[in-house]
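Beneath this line is the structure, given in structure tokens, with notes to follow.
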Amino acid sequence: TISIAIIIFLLIKKKDLPNIFLYSFIPILIFLILYLFVPFDKLFINFHLILFRNDLWLLNPETDRLIVLLPEDFFIRSFQKILIFTSLTLIYLFSIFKALEVNFEKRDK
Numbered sequence: 518t519i520s521i522a523i524i525i526f527l528l529i530k531k532k533d534l535p536n537i538f539l540y541s542f543i544p545i546l547i548f549l550i551l552y553l554f555v556p557f558d559k560l561f562i563n564f565h566l567i568l569f570r571n572d573l574w575l576l577n578p579e580t581d582r583l584i585v586l587l588p589e590d591f592f593i594r595s596f597q598k599i600l601i602f603t604s605l606t607l608i609y610l611f612s613i614f615k616a617l618e619v620n621f622e623k624r625d626k
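Count along the sequence shown from 1, add 517, and you get the number used in my numbering.
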């Protein structure tokens, strides 16, 4: 609902929403391309190297239960779900924007 309120506000202020949506799709496309062409384990490791300054995220299957409870497949599926959910949300918001844009154009004429 916050996103919809922001879209309506930007429509009223006559901001350039198509560019906003275009730029919001670019990171998703980058992640999709990376996911298709880079092995997940490399993405996973680089993600942690970027976000964490220490090596505490490195787990030992012999001593750490977390690695047993949450195997690699869990993270692969979570990543896929996040990409799908984010993509669908952006498509939904873009559809709302288009519907509102048509209504605002009719109102202004």
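Heads up, the beta-carbon is just placed ideally off N, CA and C, and yes, glycines get one too.
Exposure of residue i, with buried meaning 16 or more beta-carbon neighbours within 10 Å
i: PHE614; result: buried
Closest Cα partner of residue i within the set the options
i: SER595; options: PRO544, LEU573, PHE557 and ILE567; result: PHE557
i: ILE593; options: ILE545, LYS559, PHE526 and ILE543; result: LYS559
i: LEU553; options: LEU576, LEU600 and ALA616; result: LEU600
i: PHE542; options: ARG582, ILE608 and PHE526; result: ILE608
Whether residue i touches residue j by CB criterion (8 Å)
i: LEU583; j: LEU576; result: yes
i: SER604; j: ILE547; result: no
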